[in-house]
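What follows is a short report on a single structure.
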Amino acid sequence: MSPGIFTVERVLIILTVIGSLLMLLAKNPCRVNGWTGQNPYLMACYTDWVPLFGARGFAENPWAPFSAGAEFEYPVLMSAAASGVAALVPETAVNRALLYFDFNLVLVSVLWLVTVLCTARMAGRRPWDAAMVAIAPG
19 MSPGIFTVER
29 VLIILTVIGS
39 LLMLLAKNPC
49 RVNGWTGQNP
59 YLMACYTDWV
69 PLFGARGFAE
79 NPWAPFSAGA
89 EFEYPVLMSA
99 AASGVAALVP
109 ETAVNRALLY
119 FDFNLVLVSV
129 LWLVTVLCTA
139 RMAGRRPWDA
149 AMVAIAPG
C-alpha cells in the first residue's frame with residue numbers, strides 16, 4: 019500500500035515545522051513587547067540571542083568573539099555561527115536585535131529540520147523514532 023504524499027520524511031518535516039512555529043509562538047510575547055525588564059521571565063520567553071547581540075559586541079562588530087581580548091562563553095563553532103548571523107543583520111535595520119533573533123530562529127529551524135531528517139535516515143527500520151526529535155521541546 020502506497021503512503022501517498024504522506025511519506026515518513028514528509029510527515030517528519032510537517033512535525034518539525036509545527037515545532038518551529040510553536041517555538042516562535044512561545045517567544046512571540048517578547049518579540050512583540052521586547053526583552054526588557056521582567057518580560058522574558060514573566061512570559062517565559064527568555065533567549066540569549068538578544069542580550070548577546072548588544073552585550074557581546076555583535077551590534078558593533080559581527081566577528082567580536084574573534085577579536086583580541088574578547089570574552090565569549092560559547093564554543094568556537096557556536097561563536098562562528100553567531101558571528102555569521104550577526105554579519106547578515108543590516109546596519110540600517112530599525113530593530114537590529116529583533117532581526118538578529120529572527121535570523122537565528124530561521125537558522126535553528128533549518129538545522130532542526132536537517133537533524134530530524136538525518137535521525138530518520140540513521141534509524142534504519144525505525145525512522146519514526148525521529149518524530150521524538152521533531153516534536154522535542156528542546
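Numbered according to my numbering, the sequence shown spans residues 19 to 156. Backbone N, C-alpha and C fix where the C-beta goes; we use that ideal spot for every residue, glycine too.
My guess is that Thr34 and Leu131 are in contact by the Cβ rule of under 8 Å, so how many angstroms apart are they, rounded?
Looking up residue 34 in the sequence shown gives position 16. Looking up residue 131 in the sequence shown gives position 113. That belief holds up - the Cβ atoms of Thr34 and Leu131 are roughly 5 Å apart, short of 8 Å.
With DSSP run on the structure shown, which of helix, strand or coil describes Pro145?
Here residue 145 refers to the residue found at position 127 of the sequence shown. Correct three-state label for Pro145: helix.
Along the chain, where does the alpha helix (DSSP H) containing Ala105 start, and where does it finish?
Locating residue 105 in the sequence shown gives position 87, counting from the first residue. It spans 94-106 - the alpha helix (DSSP H) in which Ala105 sits, taken as one unbroken run.
Report the three-state DSSP secondary structure of Thr110 (helix, strand or coil).
Taking the first residue of the sequence shown as position 1, residue 110 is located at position 92. Here Thr110 sits in coil by DSSP.
How many Å lie between Asn57 and Trp67 at the Cα?
Indexing the sequence shown from 1 puts residue 57 at position 39. Indexing the sequence shown from 1 puts residue 67 at position 49. If I take the Cα positions, the gap works out to 15 Å.
Does DSSP put Arg28 in a helix, a strand or coil?
For this step, residue 28 is matched to residue 10 along the sequence shown. Arg28 falls in the helix class under three-state DSSP.
Let me confirm a value: Arg74 is counted as buried when at least 16 other C-beta atoms fall within 10 Å, else exposed. Which label applies?
Against the sequence shown, residue 74 aligns to sequence position 56. So Arg74 counts as buried.
Buried or exposed, going by whether 16 or more other CB atoms sit within 10 Å of the CB of Cys48?
Within the sequence shown, the letter at position 30 stands for residue 48. Cys48 is buried by the Cβ-count criterion.
Hey, how far is the Cα of Ile32 from the Cα of Asn51?
Translated into the one-based positions of the sequence shown, residue 32 becomes position 14. Translated into the one-based positions of the sequence shown, residue 51 becomes position 33. Ile32 and Asn51: Cα-Cα distance of roughly 29 Å.
Pick helix, strand or coil for Tyr59, following the three-state DSSP scheme.
Position 41 of the sequence shown holds residue 59. Residue state, collapsed to three classes: helix.
DSSP on Gly22, reduced to helix/strand/coil?
The count along the sequence shown starts at 1 and reaches residue 22 at position 4. DSSP places Gly22 in coil when its eight states are reduced to three.
Starting from Pro69, trace the alpha helix (DSSP H) in both directions and tell me its first and last residue.
Counted from its first residue, the sequence shown places residue 69 at position 51. Residues 67-73.
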